[in-house]
Amino acid sequence: MARSPYEYDPYYLQPDQDRNLINTLFVSGLPDDVKAREIHNLFRRRAGFDYCQLKYTGRGNQVIKHLSFFFRESFYFLFGFREIYSFVTTHCNKGQEHEAPTWGIGDIGERLPMSGAEVVAFATFLNHQSAIAAMHALNGVKFDPQAGSVLHIELARSNSRRKRKPGSGPYVVIDNRTKASANTQETSSDDGDSDTEEPSGAEDADASNKDELKTAKSDTVQDPENSVPAANEQLERTIDEGAQACSTLFIANLGPNCTEYELKQVLSEYPGFNMLKIRAKGGMPVAFADFEQVEQATKVMTDLQSCLLPSSDRGGMHIEYARSKMRKP
DNA sequence: AGCACA
């Protein structure tokens, strides 16, 4: 039987009973100068977040053997990004870099708006539900508004095997890049201990030092006078909620039999609740819930994110800020 | 992965 929001733990802190549930997210679409600290800051406010790891893999300029346009498009249609990612990385690390370079990582980057695929991250949560909630909140957000990189987040194929070591920080860095390609980053000193997903156990003081170096470097490239503070502000807003805050919420992933009454029962428990509208656009219903204040809407969104209603038949609600405030009656 | 109402 579906759990109702009333018995739902708002803090997402219960570990999963089922060990097979995935509680790790796979994050791609990161700019290649991303720092582990940034990944940590991206997820740290998400309920149930445990830790994350940043993984460098392969070479900077990976290429694979010739693929026809048709094959590439079919491949893309049939498989998700992660499959292509692993295909490319496995084929690029076998010393085939001298073959005809017709399809590089950059091509993927163009198609899935992202600037590089040689760095990915894994974010681990205390349970499956909180991982899903964070994925919904952050998938597709602009990670770097200036460069235009867009995050692509999906469930990892498997959970991070190793818990972070007691002594290590809230994030770890795994560097599996080959020595030859380490010219773009200055992290070749700490080599990964294997080619698996196992963290290399980099200390977080070590990572912080690298971060400082890279930050200083990139700041000299950009103009630090006006553009950087503005960009930081925008980044904060962009990644924090994944959308512009609004006092109206958009609620999706409702079951086909969801009723206005049922949803209103839940929403009216919250202060500032104004009104609810349900619309069935073709298939599944979606709802718009209006509140007096943005903060009140935010509270409801975080509280009810991924919650199941009695009528839910496909997982919990997906709640976002609506793109525009509900009109007054 | 889906955003209307006027």
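Numbering (the numbering used here), first residue to last: 36 to 364.
Glycine is no exception: its CB is placed at the ideal position from the N, C-alpha and C atoms.
For this session: Specify the secondary structure class of Q88 as computed by DSSP and reduced to three states.
Result: Here residue 88 is taken as the residue at index 53 of the first sequence, counted from 1. Note: Q88 maps to strand in three-state DSSP.
Problem set entry | Rounded straight-line distance, which links the Cα of V185 to that of S346 | As a first step, residue 346 is located in the first sequence; it is residue number 311 there, counting from the start. As a first step, residue 185 is located in the first sequence; it is residue number 150 there, counting from the start. Approximately 33 angstroms, taken between the alpha carbons.
Exercise. Using the rule of at least 16 other Cβ atoms within 10 Å of the residue's Cβ for burial, across every protein chain shown, is S386 buried or exposed?
Worked result: Here the chain comprises residues numbered 36 to 364, so residue 386 is not present and cannot be evaluated.
Problem set entry | Q88 versus A156: straight-line alpha-carbon distance, rounded | The count along the first sequence starts at 1 and reaches residue 88 at position 53. The count along the first sequence starts at 1 and reaches residue 156 at position 121. One Cα belongs to Q88, the other to A156, and the distance between them is close to 6 angstroms.
Problem set entry | Cβ-based burial, A280 [other Cβ within 10 Å; buried from 16] | By one-based count along the first sequence, residue 280 stands at place 245. Flag for A280 reads exposed.
Exercise. So what does DSSP say about G301, is it helix, strand or coil?
Worked result: For the purposes of this step, residue 301 is taken as residue 266 along the first sequence, with counting starting at 1. Reading off the sequence shown, one finds Val at residue 301, where the question assumed Gly. Three-state DSSP puts V301 in a helix.
Problem set entry | The beta strand (DSSP E) enclosing N309, as first and last residue numbers | Start at 1 with the first residue of the first sequence, and residue 309 comes out as number 274. It spans 308-315 - the beta strand (DSSP E) in which N309 sits, taken as one unbroken run.
For this session: Can you tell me which of the three DSSP states A71 falls into?
Result: One-based indexing of the first sequence puts residue 71 at position 36. Of the three classes helix, strand and coil, the one that applies to A71 here is helix, per DSSP.
For this session: Return the first residue and the last residue of the beta strand (DSSP E) that S165 is part of.
Result: On the first sequence, residue 165 is found 130 positions in, with the first residue counted as 1. Looking at the DSSP string, S165 is not in any beta strand (DSSP E); the run it does join, the alpha helix (DSSP H), is 163-173.
Problem set entry | A278 versus V335: straight-line alpha-carbon distance, rounded | The sequence position of residue 278 within the first sequence is 243, counting from 1. The sequence position of residue 335 within the first sequence is 300, counting from 1. Computed Cα separation, rounded: 15 angstroms.
Problem set entry | E153, buried or exposed, once every other Cβ within 10 Å from all chains shown has been counted against 16 | Position 118 of the first sequence, counted from the start, is the residue given in the question as residue 153. With a threshold of 16 other beta carbon atoms within 10 Å, E153 meets it and is buried.
Exercise. Taking DSSP as the reference, what is the three-state secondary structure of N211?
Worked result: Taking the first sequence and counting its residues from 1, the one referred to as residue 211 is at position 176. Correct three-state label for N211: strand.
Exercise. Thinking just about the alpha-carbon of each residue, which of Y91, R362, R196, Q331 is nearest to the one in K70?
Worked result: Indexing the first sequence from 1 puts residue 70 at position 35. Residue Y91 is the option with its Cα nearest to K70.
Exercise. How many Å lie between G350 and I313 at the Cα?
Worked result: Position 315 of the first sequence, counted from the start, is the residue given in the question as residue 350. Position 278 of the first sequence, counted from the start, is the residue given in the question as residue 313. Answer to the nearest angstrom: the Cα atoms are 18 angstroms apart.
Problem set entry | For V207 and L289, the rounded distance between their alpha carbons | Residue numbering aside, residue 289 sits at position 254 when the first sequence is read from its first letter. Residue numbering aside, residue 207 sits at position 172 when the first sequence is read from its first letter. Rounded to the nearest angstrom, the two C-alpha atoms are 37 angstroms apart.
Problem set entry | Whether L344 touches E297 by CB criterion (9 angstroms) | Stepping through the first sequence from its first residue, residue 344 is reached at position 309. Stepping through the first sequence from its first residue, residue 297 is reached at position 262. Their beta carbons are under 9 angstroms apart, which means L344 touches E297 by this criterion.
Exercise. Are the beta-carbon atoms of N58 and H163 separated by less than 9 angstroms?
Worked result: Indexing the first sequence from 1 puts residue 58 at position 23. Indexing the first sequence from 1 puts residue 163 at position 128. N58 is a Cβ neighbour of H163, given a cutoff of 9 angstroms.
Exercise. Can you tell me whether DSSP reads D325 as helix, strand or coil?
Worked result: Within the first sequence, residue 325 is the residue found at index 290, counting from 1. Three-state result, D325: strand.
Problem set entry | Reduced DSSP category for L77 - H, G, I as helix; E, B as strand; rest coil | Against the first sequence, residue 77 aligns to sequence position 42. Note: L77 maps to helix in three-state DSSP.
Exercise. E417 by DSSP, collapsed to three states: which one?
Worked result: The structure shown has nothing for residue 417, since the chain only spans 36 to 364.
Exercise. To which residues does DSSP link L284 through a beta bridge?
Worked result: Taking the first residue of the first sequence as position 1, residue 284 is located at position 249. Note: L284 sits in a beta bridge opposite A324, Y356.
Exercise. The beta strand (DSSP E) with D179 in it runs from where to where?
Worked result: One-based indexing of the first sequence puts residue 179 at position 144. That run of the beta strand (DSSP E) goes 177-179.
Problem set entry | Three-way DSSP call (helix, strand, coil) for L289 in this model | Counted from its first residue, the first sequence places residue 289 at position 254. In this structure, L289 counts as coil in the three-state DSSP scheme.
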